[in-house]
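Before any comments, here is the structure.
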Amino acid sequence: MATPRDIPAPAFAFRVSWDTLDESSIEASFQEVAGLGIEMNVAEYRAGNYQENAPIKVNTTYKVPDVTCKRGIIGRLDLYEWVDAVREGTPNQLKTVTIKLMAEDRSTEVMRWKLIGARPMKYTGPTLNGNGTDLALEELVFASERIEIA
227 MATPRDIPAP
237 AFAFRVSWDT
247 LDESSIEASF
257 QEVAGLGIEM
267 NVAEYRAGNY
277 QENAPIKVNT
287 TYKVPDVTCK
297 RGIIGRLDLY
307 EWVDAVREGT
317 PNQLKTVTIK
327 LMAEDRSTEV
337 MRWKLIGARP
347 MKYTGPTLNG
357 NGTDLALEEL
367 VFASERIEIA
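If you're matching positions, the sequence shown starts at 227 in the numbering used here and goes up one per residue.
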């Protein structure tokens, strides 16, 4: 549920969950979520008898961009198991993924995005480098059928 504010909310406090993932569990400890949005497709139309030489714009379909979640490698296989179930064609693998933006106090919800009919479409493991100082991150890209914002 959206909570009106006088100042913009910080982007560093958020929670991710889905049907089998509790937002307070270690498995839900994501570092980054990117790609939330809606894209509207517009077609141009102009009938031959229009008085103007410009077409009108007509809304057609819409789509939800792919959403990417990144988290540190924690030795859990939950993301891979979901990817594997989708790859193997296991039925009922569509889930509702919820992303909540939290206020500075980490307990007040500012905004919520729900990805309806989400499924993993890409899993990327970490980049490993013997000279590096970065943490090992894994990435899961979701495709979803609809987004709801509250």
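Even glycine gets a Cβ: it sits at the ideal position worked out from N, Cα and C.
Who are the Cβ neighbours of residue i in its own chain at under 6 Å, not counting the five residues just before and after it?
i    : result
A362 : I299, P352
Given residue i, which residues of its chain have a CB within under 7 Å of its CB, disregarding the five upstream and five downstream residues?
i    : result
P291 : G261, G263, E265
Let me know if residue i comes out buried or exposed under the rule of 16 or more other beta-carbons within 10 Å of its beta-carbon.
i    : result
L366 : buried
M328 : buried
F240 : buried
S251 : exposed
T418 : It is not possible to answer for residue 418, since the shown part of the chain is limited to 227 through 376.
K283 : exposed
I373 : buried
T324 : buried
R231 : exposed
V268 : exposed
For residue i, which residues of its own chain have a beta-carbon under 8 Å away from its beta-carbon, when the five flanking residues on both sides are left out?
i    : result
G301 : none
Please list the terminal residues of the continuous alpha helix (DSSP H) segment that includes residue i.
i    : result
W308 : 304-313
Mind checking which residues open and close the beta strand (DSSP E) that includes residue i?
i    : result
W244 : Counting along the chain, W244 falls outside any beta strand (DSSP E), and DSSP gives it neither H nor E.
Q257 : 256-260
M328 : 321-328
V290 : Where V290 is concerned, there is no enclosing beta strand (DSSP E), given that its DSSP letter is neither H nor E.
M227 : First-last for M227: undefined, no H or E at that position.
I373 : 372-375
* Inter-stretch contact at 8 Å, needing at least 3 Cβ pairs: the segment 305-314 / the segment 343-357 -> Flag = yes, the segment 305-314 and the segment 343-357 touch.
* Asked: Quick one: any contact between the segment 231-239 and the segment 319-335, if contact means 3 or more CB pairs under 8 Å?
  -> By the Cβ rule, the segment 231-239 counts as touching the segment 319-335, because three or more pairs are nearer than 8 Å.
* Asked: Could you give the uninterrupted runs of the beta strand (DSSP E) lying entirely in the segment 332-366, keeping only those of 3 residues or more?
  -> For secondary structure counted as the beta strand (DSSP E) over 3 or more consecutive residues, the segment 332-366 holds these complete runs in sequence order: 335-350.
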